[in-house]
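Chains B and A are the protein sequences, given in the same order. Our numbering applies: residue 1 is where the first sequence begins, and numbers increase by one. Our numbering applies: residue 1001 is where the second sequence begins, and numbers increase by one.
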Amino acid sequence: MTCSTGLSKKFADEVVSRMKKLTAKYGLEDVVVERDHDPVVIAARGCLKDADGKDSKERIEILVQLSADLAQADKASLVAAEVTMDAAPEVYRAYDLSDVVAEETVARASEPVDKPC
Amino acid sequence: MPTLTSCIFENSNFTGAANCNSVQFPANGWAWATWTFGNRRASLARVRTDGEIVIALTPVLDTGTNRALIDASLPDGATRITNIRAGMVPYSETWLGPRQPGRHPAWRVLVDLSFRVRIDLPWYCFAPGGDSRATIHYYLFVRLDGARRLVASVDHWEWERTESAGVCGDTVADRLNNGVPGGVAPLQTALNTALSSFSSFTFSEIYFLPGDGRNAGRDDVGNVRNEAAIILMR
Chain B
1 MTCSTGLSKK
11 FADEVVSRMK
21 KLTAKYGLED
31 VVVERDHDPV
41 VIAARGCLKD
51 ADGKDSKERI
61 EILVQLSADL
71 AQADKASLVA
81 AEVTMDAAPE
91 VYRAYDLSDV
101 VAEETVARAS
111 EPVDKPC
Chain A
1001 MPTLTSCIFE
1011 NSNFTGAANC
1021 NSVQFPANGW
1031 AWATWTFGNR
1041 RASLARVRTD
1051 GEIVIALTPV
1061 LDTGTNRALI
1071 DASLPDGATR
1081 ITNIRAGMVP
1091 YSETWLGPRQ
1101 PGRHPAWRVL
1111 VDLSFRVRID
1121 LPWYCFAPGG
1131 DSRATIHYYL
1141 FVRLDGARRL
1151 VASVDHWEWE
1161 RTESAGVCGD
1171 TVADRLNNGV
1181 PGGVAPLQTA
1191 LNTALSSFSS
1201 FTFSEIYFLP
1211 GDGRNAGRDD
1221 VGNVRNEAAI
1231 ILMR
């Protein structure tokens, strides 16, 4: 979901629009807008300028993210996909450890013959 | 004289670190290897035969040509930061193993071809160091086909991000999901080329050993997923 439909789209569009005006008003030049991303990202940094365009020497960084679920951005840390193989490849021999390992663990410590009382 | 190769593994599923020792022994006699087992939890022993063809995987796969092939397939902003490692892993220990149990038997050994990458990130991700790191795996299914010829195919791929991406985990995921599959076709072509020299031979058996598959002395392996050998028997 990229805030691309319905009310979330209107909301995201308005946030982006207002942020662009705000960063322009205060003269921030390093502005990034990732509108089609999920989460939507608006980031800006730089030295704030006053109404006369004068550099105030006050630095600011701002980051705004919009999403239906911000936590999802960090979930995808392990992903895999199969590659299409030829259907049922004819296999004469592949190495399976199951050939050498019993289904149940074989090596179990035996009970001592003389148990202590 | 026959040779016994005895290997002990860190984990009961034959992953992790391993130590192997190979000793000759008289026919109809004893062979032994003494170990301080420590944290090892599984062992395998194999009687070696003359005429085996031992192929240590990392030297064969970590070539300049393959590195260039891999590098060309990386997504934008990603740079390989290790050499190519190649080892052994049972299917059950891969990402797909428990999720697609019908694809292979759980204990089937695949070749794990892996390397690590650095992914550069823009400043607004606020990732420590301005980048993230991931390990990319291509799993190779190596076997003898119905005609007993050596064949290999890229079975599936997997990546795992191992460092914070700040607020851009999704960006990293998109880049890797879009880029990693692009390495499959060139890798398969490279495998086909490498195996073509075996195409006129047939084999009776194929198995894996940790390390370089040596048949004399000791071989200590930090991680069998990074170092293993294929042994072919005529």
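The beta-carbon is built from N, C-alpha and C at its ideal position, and this holds for glycine as well. All values reported here derive from a predicted model rather than from experimental measurement.
Coarse secondary structure for residue i, derived from DSSP in three states
i, result
"Q1188 of chain A", "helix"
"L1121 of chain A", "coil"
"R1175 of chain A", "helix"
"N1083 of chain A", "coil"
"A44 of chain B", "strand"
"V83 of chain B", "coil"
"P1002 of chain A", "coil"
"P39 of chain B", "coil"
"N1019 of chain A", "strand"
"S1199 of chain A", "coil"
"Y1138 of chain A", "strand"
"E14 of chain B", "helix"
"A1072 of chain A", "helix"
"A1229 of chain A", "strand"
"K57 of chain B", "strand"
"A1045 of chain A", "strand"
"E90 of chain B", "coil"
"A1056 of chain A", "strand"
"V1210 of chain A", "The amino acid occupying residue 1210 of chain A in the given sequence is Pro; Val does not appear at that position. P1210 of chain A falls in the strand class under three-state DSSP."
"S8 of chain B", "helix"
"A1033 of chain A", "coil"
"L1061 of chain A", "helix"
"R1103 of chain A", "coil"
"S1153 of chain A", "strand"
"L28 of chain B", "coil"
Residue i vs residue j beta-carbon contact at 9 Å
i, j, result
"S1164 of chain A", "Q1188 of chain A", "no"
"I1206 of chain A", "R93 of chain B", "yes"
"N1083 of chain A", "T1049 of chain A", "no"
"H1156 of chain A", "E90 of chain B", "no"
"G1087 of chain A", "A1228 of chain A", "yes"
"L1176 of chain A", "V79 of chain B", "yes"
"R1161 of chain A", "S1132 of chain A", "yes"
"F1208 of chain A", "V1109 of chain A", "yes"
"T1003 of chain A", "N1215 of chain A", "yes"
"L66 of chain B", "A43 of chain B", "no"
"G1211 of chain A", "V1224 of chain A", "yes"
"A35 of chain B", "A68 of chain B", "In the sequence on display, residue 35 of chain B carries Arg and not Ala. In this structure, A68 of chain B does not lie closer than 9 Å to R35 of chain B by Cβ."
"V33 of chain B", "V41 of chain B", "yes"
"R1046 of chain A", "Y95 of chain B", "no"
"A1134 of chain A", "W1159 of chain A", "yes"
"W1064 of chain A", "I1136 of chain A", "The question names Trp, but residue 1064 of chain A in the sequence shown is Gly. Cβ distance not < 9 Å, so G1064 of chain A and I1136 of chain A don't count as in contact."
"V1054 of chain A", "I1231 of chain A", "yes"
"G27 of chain B", "G6 of chain B", "no"
Environment of residue i [buried if 16+ CB atoms lie within 10 Å]
i, result
"L70 of chain B", "exposed"
"D1076 of chain A", "exposed"
"R1085 of chain A", "buried"
"N1192 of chain A", "exposed"
"F1014 of chain A", "buried"
"W1030 of chain A", "exposed"
"W1095 of chain A", "buried"
"A51 of chain B", "exposed"
"R1234 of chain A", "exposed"
"K9 of chain B", "exposed"
"L1140 of chain A", "buried"
"N1028 of chain A", "exposed"
"D1219 of chain A", "buried"
"A109 of chain B", "The predicted position of A109 of chain B is uncertain, since its pLDDT is 43 and thus under 50; a value taken from the coordinates is nonetheless stated next. By the neighbour-count rule (16 or more Cβ atoms within 10 Å), A109 of chain B is not buried but exposed."
"G1102 of chain A", "exposed"
"D55 of chain B", "exposed"
"T84 of chain B", "exposed"
Contact belief for residue i with residue j at Cβ below 8 Å, rounded distance in angstroms
i, j, result
"G1222 of chain A", "L1074 of chain A", "G1222 of chain A to L1074 of chain A, Cβ: 25 Å. No contact."
"S1092 of chain A", "A1106 of chain A", "4 Å"
"V1089 of chain A", "D1062 of chain A", "Between D1062 of chain A and V1089 of chain A the Cβ distance is about 17 Å, and since that is not below 8 Å, they are no contact."
"I1081 of chain A", "R1118 of chain A", "5 Å"
"L48 of chain B", "E58 of chain B", "5 Å"
"A1042 of chain A", "S1012 of chain A", "5 Å"
Check: residue i C-beta below 8 Å from any heavy atom of the ligand COA
i, result
"L1195 of chain A", "The ligand COA is absent from the structure shown, which contains no ligands of any kind."
Per-residue contacts from residue i into chain C (C-beta, under 8 Å)
i, result
"D96 of chain B", "In the structure shown, chain C cannot be found, because the protein chains are B and A."
> Should the region 1137-1153 of chain A be called in touch with the region 1193-1202 of chain A, which here means at least 3 C-beta pairs below 8 Å?
Replying inline: yes
>> I want to know whether the region 1123-1134 of chain A touches the region 1164-1183 of chain A - three or more CB-CB distances under 8 Å.
In response: yes
>> Would the region 1030-1042 of chain A count as touching the region 1004-1013 of chain A if we require 3 or more Cβ pairs under 8 Å?
In response: yes
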